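The block underneath contains the structure these notes are about, expressed in structure tokens.
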Amino acid sequence: MQVWLEARQQTLNTATREQIRAYLDAFMDERRNTPEALLALARYFNLIGRSELYVYFTSLLGSAGVIDSIRNRLGELTHSAEAQALIGKVAHPPLGADPVDFPAFTRALMERLEQNLPRETLRNALAGNHHQIPAEAFTQDRALYRSSESIDAFLRARHARQVETLQRHCDDGTVWFEQIITQEVVDYVAQNQEIFSAVRERDTLYNTKIPYDPARYLAASDPIEKRYLACHCPFVREAILKGETHISGEWCYCSAGFAKHPYEVILGRELHVEVLQSVLRGDPVCRFAIHLPADTDESVIR
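According to my numbering, the sequence shown is numbered sequentially starting from -13.
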């Protein structure tokens, strides 16, 4: 990349996002767009303090493996190669592609899936751990849960711990995953236990997703811009900004699967999830209901 940029009188410290995008287009043409290569570039930009480019690269990596994972889960649910083949019939943008290329793919994919699958099968296939987050990532959460006097106490403690983590990143001026954390963001999360944790009402856990770009989300006033800044999904978020949201809201069950996965690991059982609100559907936030099994009470959950 350095040689490519120097030929254009730029460096890694001065290149704009548009110039980096031009390099990535050439990078893909040469079939060098591996996850490892993109991750190395992301880490380098984070190291030199170019947070905006680090965040951009993490958005490019956000689609990696998701469609293959959905295809595999669909096969496990239906035991049907024909059902799995539905996904393969839609051309997928390559890894590293510009985010504006993804909404057309997602729309075509969902149209095909909705035409050929029962709604519950489709939702269940989408609501998996498609980012392949290992159970080990929730080791501390499981320990905290086991040491808590109740699930409600655990949820409060989990939220408090996440707020403390955000406060450290705010104080240090460091990026938390792909998010730039300000004091306003910390205060916003602190006021809502559903963010990074959940609130239980009877046998349901309610969870709200933190905006993708929380600092800009809190500062924005335009409803479309706020929805765009709230959306984490690289497969649809550019469509929100352009007002071209002709993509089925059922797609958001993929995000619902991400929301329920920690609790499946912590509780040791698969859970049912429901999308209550979605920025793709026109809501200001994404919110989910994670349903505990009907035979579950406090003693069984713990």
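Think of the CB as a built atom: it goes at the ideal place given N, C-alpha and C, for glycine as much as any other residue. Predicted, not measured: the structure shown is a model, and the values here were computed from it.
- The beta carbon of LEU39 is closer than 7 Å to those of ARG3, ILE6 and PHE31 in its chain, skipping five residues each way along the sequence.
- For HIS277, the enclosing beta strand (DSSP E) starts and ends at 273 to 277.
- Looking at VAL41, ALA1 and GLU187, the one whose alpha-carbon comes closest to that of ILE167 is VAL41.
- Using a Cβ distance threshold of 7 Å, GLU164 and THR44 count as a contacting pair.
- Distances from the CA of ARG186 to each of PHE244, ARG142 and PRO104 were compared; the closest alpha carbon is that of ARG142.
- Annotation for TYR192: the continuous beta strand (DSSP E) segment containing it runs 190 to 194.
- Closest option to ILE196, judged by alpha-carbon separation, among LEU130, ASP189, SER207 and LYS212: LYS212.
- Following the DSSP letters along the chain, one finds GLU211 inside the alpha helix (DSSP H) bounded by residues 209 to 216.
- Apart from the 5 residues on each side of it in sequence, VAL259 sits with its Cβ closer than 8 Å to the Cβ of ALA113, TYR239, ALA242, GLY243, ALA245, LYS246, PHE274, ALA275, ILE276 and HIS277 in its chain, given in chain order.
- Under the three-state reduction of DSSP output, HIS258 falls in the strand class.
- Taking C-beta separations shorter than 6 Å and ignoring five residues to either side along the sequence, the partners of ASP199 in its chain run LEU215, following chain order.
- Straight-line measurement puts the Cα of ASP54 at about 15 Å from the Cα of MET96.
- For HIS116, the number of other beta carbons within 10 angstroms of its own is at least 16, and it is reported as buried.
- Secondary structure of ARG98 (DSSP, three-state): helix.
- Burial state of THR160 is exposed, judged by a 10 Å Cβ sphere holding fewer than 16 other Cβ atoms.
- Apart from the 5 residues on each side of it in sequence, GLN70 sits with its Cβ closer than 7 Å to the Cβ of ARG57, LEU60 and GLY61 in its chain, given in chain order.
- The criterion of a C-beta distance shorter than 7 Å is not satisfied by GLY229 and ARG267.
- In the DSSP assignment, GLN165 forms a beta bridge with TRP162.
- Taking the C-beta atoms as reference points, GLY82 is found no nearer than 7 Å to LEU33.
- The Cβ-Cβ distance between GLN148 and VAL172 does not fall below 7 Å.
- Scanning its chain for C-beta atoms nearer than 7 Å, with the 5 sequence neighbours on each side dropped, one finds no residue around ASP11.
- By the beta-carbon neighbour count (other beta carbons within 10 angstroms, threshold 16), ARG132 is exposed.
- If the five residues before and after ALA201 are omitted, its C-beta is found closer than 6 Å to the C-beta atoms of ILE166, THR168 and VAL171, all from its own chain and listed in chain order.
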